[in-house]
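Here the structure is laid out as structure tokens; the discussion comes afterwards.
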Amino acid sequence: MSKISSAIAGAALLAFTNPLFAASAAEDGAKVYIIAPAEGATVSSPVTVLFGLRGMGVAPAGVDQVNTGHHHLLINVDTLPPLEQPLPKDAQHRHFGGGQTETSLDLPPGKHSLQLILGDHQHMPHNPPVMSEKITITVAPGEGDK
Ligand SMILES: [Cu+2]
Numbered sequence: 000m001s002k003i004s005s006a007i008a009g010a011a012l013l014a015f016t017n018p019l020f021a022a023s024a025a026e027d028g029a030k031v032y033i034i035a036p037a038e039g040a041t042v043s044s045p046v047t048v049l050f051g052l053r054g055m056g057v058a059p060a061g062v063d064q065v066n067t068g069h070h071h072l073l074i075n076v077d078t079l080p081p082l083e084q085p086l087p088k089d090a091q092h093r094h095f096g097g098g099q100t101e102t103s104l105d106l107p108p109g110k111h112s113l114q115l116i117l118g119d120h121q122h123m124p125h126n127p128p129v130m131s132e133k134i135t136i137t138v139a140p141g142e143g144d145k
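So this is what it looks like as structure tokens:
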């Protein structure tokens, strides 16, 4: 097969295997992390969560710009959603499509896990996915819970 026809075959195969979504490339060494609260911290609700990102930039959802994405906060998610399609959007998978870099969460007392994952303009995790460590925090009972 000539070089040109094999390139065409490759492109056709790629289009065929990935008909709807193609993940945006992640920048080498890009890192997303939770600045606060700290792993293992005991906090009171509402909990302010600060999102950190190194090596890439934050852009609102819908803005297709290379090496950018928006934050998604996974709350008490034990099993990661499929990473080759847009991230689900629900109470446990929060999207910050406005380009926000922090949020305030109302959480009941007890242990909770938090994890960040960057998504591109189509809410797709990058390739490779840019994900934070999962942290566990304890929300202390508030005055109203005693
Ligand atoms: Cu999103």
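Once you know that position 140 of the sequence shown is 139 in numbering that gives the first Met the number 0, the rest is easy, because the numbers rise by one and skip nothing. Yeah, the Cβ is synthetic: ideal placement off N, Cα and C, and Gly gets one too.
Would the beta-carbon of residue i fall within 8 Å of that of residue j?
| i | j | result |
| --- | --- | --- |
| residue 100 | residue 50 | yes |
| residue 106 | residue 93 | no |
| residue 36 | residue 136 | yes |
| residue 139 | residue 43 | yes |
| residue 62 | residue 102 | no |
Just the Cα atoms here: how many angstroms apart are residue i and residue j?
| i | j | result |
| --- | --- | --- |
| residue 29 | residue 104 | 26 Å |
| residue 122 | residue 86 | 6 Å |
| residue 33 | residue 116 | 10 Å |
| residue 69 | residue 126 | 14 Å |
| residue 80 | residue 141 | 32 Å |
| residue 131 | residue 64 | 22 Å |
| residue 118 | residue 124 | 4 Å |
| residue 66 | residue 56 | 6 Å |
| residue 134 | residue 52 | 16 Å |
| residue 128 | residue 58 | 16 Å |
| residue 54 | residue 82 | 20 Å |
| residue 98 | residue 26 | 18 Å |
Going by C-alpha to C-alpha distance, which of the options sits closest to residue i?
| i | options | result |
| --- | --- | --- |
| residue 90 | 75, 83 and 79 | 75 |
| residue 108 | 41, 31, 48 and 98 | 41 |
| residue 39 | 128, 110 and 82 | 110 |
| residue 112 | 98, 88, 27 and 78 | 78 |
| residue 84 | 31, 96 and 120 | 120 |
| residue 96 | 60, 26 and 54 | 60 |
| residue 114 | 54, 31 and 88 | 31 |
- Whose beta carbon lies closer than 6 Å to any heavy atom of ligand 1, going through the chain in order? 60, 69, 71, 86, 94, 96, 118 and 122
- Query: Which whole runs of the beta strand (DSSP E) in the region 89–145 are 3 residues long or more, in chain order?
  - Reply: 92–94, 101–104, 109–118 and 134–138
- Message: Give the list of continuous beta strand (DSSP E) stretches no shorter than 3 residues that lie fully inside the region 9–90.
- Response: 30–35, 46–53 and 67–74
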